[in-house]
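Below: the structure, in structure tokens.
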Amino acid sequence: MRSLSKSEVRHGIFFSMNYGIIKKIDIADGLGVRVSLFVSGCRNHCKGCHNQITWDFNFGKPFTKETEDEIIEALKPAHIAGLTVLGGEPFEEENQEVLAPFLERVKKEFPNKNIWCYTGYLYDKDLLPQDGRKHTPYTNRMLACINILIDGPYIEKERDLTLNFRGSRNQRIIDLEHNCLLKL
Ligand code: SF4
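This is the structure in structure tokens:
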């Protein structure tokens, strides 16, 4: 898939999204027992990435209304703490357009559950409106739904197996609700 210009993104070109897996019981990608959605497509291409198969935007299956409903159903049990979105790269432009309304639906249906999201981009450099290279009309809508954002690329020389929820030391766990970094 070719790269999209900011102008194409801003003018509302229609995107679809593929996903690789939905894990309905996941204890590795956030606090508590979670449902995890692994989206397809990533342009970060971090050296040493363990998930290279998900770089391809065509990997996996189309994310449809039925997929949404399946995840909503999986989130219903009381023991499920929330949803984690990872990939691949949730903040690629194509994926943002699909994820923004979906995360809003999750937030509306489960106001007491939390949403974690992983990105290889940097929150303050790439996602915010001022010159953020990945900021689109959908970015703020996604960020408004996300409680915890784990940001930054995977850097092989910063790899640390003792870290919780992260692969390399440069990655940050950002509590967007309280605007602070977490040390977990
Ligand atoms: S952002 Fe994640 S999926 Fe993308 S290359 Fe880096 S580690 Fe791999």
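Residue numbers for the sequence shown follow our numbering, beginning at 117 and rising by one.
Every residue gets a Cβ at the ideal spot worked out from N, C-alpha and C, and that includes glycine.
Everything numeric in this text was worked out from a predicted model, so none of it was measured.
Hey, could you find the ends of the beta strand (DSSP E) D185 is sitting in? Within the sequence shown, the letter at position 69 stands for residue 185. Element bounds for D185: not the beta strand (DSSP E) but the alpha helix (DSSP H), 181-191.
Please classify H195 as buried or exposed, where buried requires at least 16 other C-beta atoms within 10 Å of its C-beta. Locating residue 195 in the sequence shown gives position 79, counting from the first residue. With fewer than 16 other Cβ atoms within 10 Å, it is exposed.
Could you give the DSSP three-state label for R285: helix, strand or coil? Within the sequence shown, the letter at position 169 stands for residue 285. Reduced to three states, the DSSP call for R285 is coil.
Cβ-heavy atom distance between N286 and ligand 1 below 7 Å? Translated into positions along the sequence shown, residue 286 becomes position 170. Result no, Cβ not under 7 Å from ligand 1.
Sequence-distant residues of the same chain with beta carbon closer than 8 Å to E184, five excluded per side: Counting from one through the sequence shown, the residue named residue 184 turns up at place 68. Here the set comprises F218, R221.
Rounded separation between S152 and N174 - CA only: Your numbering for residue 152 matches position 36 in the sequence shown. Your numbering for residue 174 matches position 58 in the sequence shown. Answer to the nearest angstrom: the Cα atoms are 19 Å apart.
Assigned exposure category for P206 - 16 Cβ within 10 Å defines buried: By one-based count along the sequence shown, residue 206 stands at place 90. With 16 or more other Cβ atoms within 10 Å, it is buried.
For C233, verify whether its CB is less than 7 Å away from any heavy atom of ligand 1. Taking the first residue of the sequence shown as position 1, residue 233 is located at position 117. No, Cβ of C233 sits at least 7 Å from all heavy atoms of ligand 1.
Please tell me whether G136 and G236 are closer than 8 Å, where the distance is taken between their beta carbons. On the sequence shown, residue 136 is found 20 positions in, with the first residue counted as 1. On the sequence shown, residue 236 is found 120 positions in, with the first residue counted as 1. The answer is no: Cβ separation not under 8 Å.
Going straight from the alpha carbon of R118 to that of P253, what length do you get? Taking the first residue of the sequence shown as position 1, residue 118 is located at position 2. Taking the first residue of the sequence shown as position 1, residue 253 is located at position 137. With a pLDDT of 45 at R118, under the threshold of 50, the modelled position of that residue is not reliable, and no figure is offered here.
Tell me the residue span of the beta strand (DSSP E) that contains F175. Residue mapping note: residue 175 aligns to position 59 of the sequence shown, counting from 1. No beta strand (DSSP E) holds F175; DSSP gives it neither H nor E.
Below 8 Å, can you find three or more Cβ-Cβ pairs linking the segment 238-257 to the segment 271-280? no
What residue from K139, N256, C165 has the CA that sits closest to K307's CA? Any property of residue 307 remains undetermined from this structure, which presents the chain solely from 117 to 300.
Could you check if N134 is buried or exposed, using at least 16 other CB atoms within 10 Å of its CB as the buried criterion? Here residue 134 is taken as the residue at index 18 of the sequence shown, counted from 1. Buried, since its Cβ has 16 or more Cβ neighbours within 10 Å.
Determine whether the beta carbon atoms of C261 and I290 lie at a separation below 8 Å. Along the sequence shown, one-based indexing puts residue 261 at 145. Along the sequence shown, one-based indexing puts residue 290 at 174. For C261 and I290, no; Cβs fall outside 8 Å.
Return yes when the Cβ of G148 is within less than 8 Å of the Cβ of A197, no when it is not. In the sequence shown, residue 197 corresponds to position 81, counting from 1. In the sequence shown, residue 148 corresponds to position 32, counting from 1. Result yes, Cβ atoms of A197 and G148 sit closer than 8 Å.
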